[in-house]
Amino acid sequence: MASLYADKKQYPEAIGEAQKAVAMAADDPDANLVLADVYVQSGQRDKALPIVRKFVDNRKALLVPFDLAVIYALLGDREQMYEWLDKMIEQRSPASLKLNIAGAFDPYRSEPRFQAILRKTGLPR
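Read in my numbering, the sequence shown has 40 at position 24, and its numbers run on one by one without any break.
In structure tokens form, the structure reads like this:
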């Protein structure tokens, strides 16, 4: 629900739903990263970064590289975005199929490095 609200730019509702998910799932990386993503989309970068760092710094956390790449793309942190996209490729993640439709990557699509990532996935450019 949080992602749906965020897509509609209904950020207070998105944040509320994401916070409910975190309350139910506690330290689940997926729920927490959705909350971080919604915070970034709503302009609350200062609330997103501690959540992201908590899970990136936790070596035991199972993270979806695509999700982190999206968050870093929204934050404008190219180096971290590309680092996580490279990890996504290394893991042969099915999430790579969303590269062409994820709006977070729109500002980067023309960059040679992003085009190289697309070539590695075999997706049309």
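For each residue, glycine too, the CB sits at the ideal point set by N, CA and C.
Span separating the alpha-carbon of residue i from that of residue j
i: residue 124; j: residue 67; result: 24 Å
i: residue 65; j: residue 35; result: 16 Å
i: residue 73; j: residue 126; result: 31 Å
i: residue 81; j: residue 103; result: 6 Å
i: residue 83; j: residue 25; result: 19 Å
i: residue 57; j: residue 87; result: 9 Å
i: residue 33; j: residue 63; result: 16 Å
i: residue 78; j: residue 107; result: 12 Å
i: residue 90; j: residue 100; result: 13 Å
i: residue 27; j: residue 132; result: 33 Å
i: residue 137; j: residue 47; result: 26 Å
i: residue 113; j: residue 22; result: 21 Å
i: residue 116; j: residue 93; result: 19 Å
For residue i, the three-state DSSP class (helix, strand or coil)
i: residue 78; result: coil
i: residue 127; result: coil
i: residue 134; result: helix
i: residue 44; result: coil
i: residue 20; result: helix
i: residue 26; result: coil
Cβ-Cβ separation, residue j to residue i (assumed contact under 8 Å), whole Å
i: residue 18; j: residue 37; result: 7 Å
i: residue 69; j: residue 98; result: With 8 Å as the limit, residue 69 and residue 98 do not qualify as a contact, their Cβ atoms being about 18 Å apart.
i: residue 11; j: residue 54; result: Any question about residue 11 goes unanswered here, given that the chain covers just 17 to 141.
i: residue 71; j: residue 45; result: 5 Å
Proximity test, residue i beta-carbon vs the ligand SAH heavy atom, cut-off 7 Å
i: residue 21; result: Although the ligand SAH was asked about, the structure shown includes no ligands whatsoever.
Those runs of the alpha helix (DSSP H) which lie wholly inside the segment 48-122 and span at least 4 residues: The alpha helix (DSSP H) runs of length 4 or more contained entirely in the segment 48-122 are, from start to end of the chain, 61-73, 81-91 and 94-106.
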